[in-house]
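Below is one structure, written out as structure tokens, with a few remarks after it.
Numbering (my numbering), first residue to last: 2 to 178.
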């Protein structure tokens with residue numbers, strides 16, 4: 002659903018039915034994933050193909066490690082660290098991972114990838130790539146861009162300059178997709 006709506010952290014098999022019931026209220030297709038204990042991070046990507054590059058990583062610290070809808074939008078308890086404070090080797094590994102995923106999926110323009118860094122071995126795991134992340138002045142992509150010395154206005158201009166209107170194969174008359 003997005004924004005962790007319908008998400009439940011299941012710690013006992015007996016909780017599965019209730020978790021499924023909640024998630025299926027939002028979408029009949031329910032995804033179950035292994036929980037990765039560790040640092041929650043996010044990293045924006047700009048560009049296309051070989052020119053795609055990652056912006057600085059943001060490390061997210063939510064109360065009790067619970068970065069849910071409430072902690073994303075309705076409290077001031079969640080902390081966003083940019084620069085991330087992670088060791089440079091970890092930040093570099095995250096940035097390589099997200100750029101590789103961005104290119105492999107054929108993304109272009111911009112996106113934001115969510116990554117968990119597993120606590121026990123510091124291995125980064127890609128959770129998802131959001132190809133239409135928030136772009137308000139207090140959203141995560143502009144926060145990372147500011148850390149890289151890119152103002153909100155310049156970021157918006159870069160995104161507009163990279164935008165295209167694609168015509169799907171077989172379309173008549175050049176009508177944008």
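Using N, Cα and C, we set each Cβ at its ideal position, and we do this for glycine too.
Just so we're clear, the structure is a prediction, and the values are computed from it rather than from any experiment.
Endpoints, beta strand (DSSP E) assigned at residue i
i: residue 81; result: 80-82
i: residue 49; result: 39-49
i: residue 95; result: Here residue 95 belongs to no beta strand (DSSP E); instead the alpha helix (DSSP H) covers 89-105.
i: residue 155; result: Taken as a continuous stretch (DSSP letters only), residue 155 belongs to no beta strand (DSSP E), being part of the alpha helix (DSSP H) at 153-163.
i: residue 129; result: 125-131
Beta-carbon proximity of residue i to residue j, cut-off 8 Å
i: residue 95; j: residue 58; result: yes
i: residue 152; j: residue 110; result: no
i: residue 92; j: residue 123; result: no
i: residue 103; j: residue 37; result: no
Beta-carbon separation (whole angstroms), residue i vs residue j, contact threshold 8 Å
i: residue 11; j: residue 54; result: Incorrect: roughly 37 Å between the Cβ atoms, too far for contact.
i: residue 135; j: residue 127; result: With 8 Å as the limit, residue 135 and residue 127 do not qualify as a contact, their Cβ atoms being about 19 Å apart.
i: residue 160; j: residue 130; result: Not a contact, Cβ separation roughly 16 Å.
Close Cβ partners of residue i (< 8 Å) along its chain, the five nearest in sequence each way excluded
i: residue 42; result: 58, 59, 60, 61, 85, 87, 95, 115, 116, 117, 118, 125
i: residue 143; result: 136, 137, 153, 156
Residue interval of the alpha helix (DSSP H) (run including residue i)
i: residue 143; result: 141-148
i: residue 18; result: 17-25
Contacting residues, own chain, Cβ-Cβ under 7 Å from residue i (five flanking each side not counted)
i: residue 39; result: 117, 118, 119, 120
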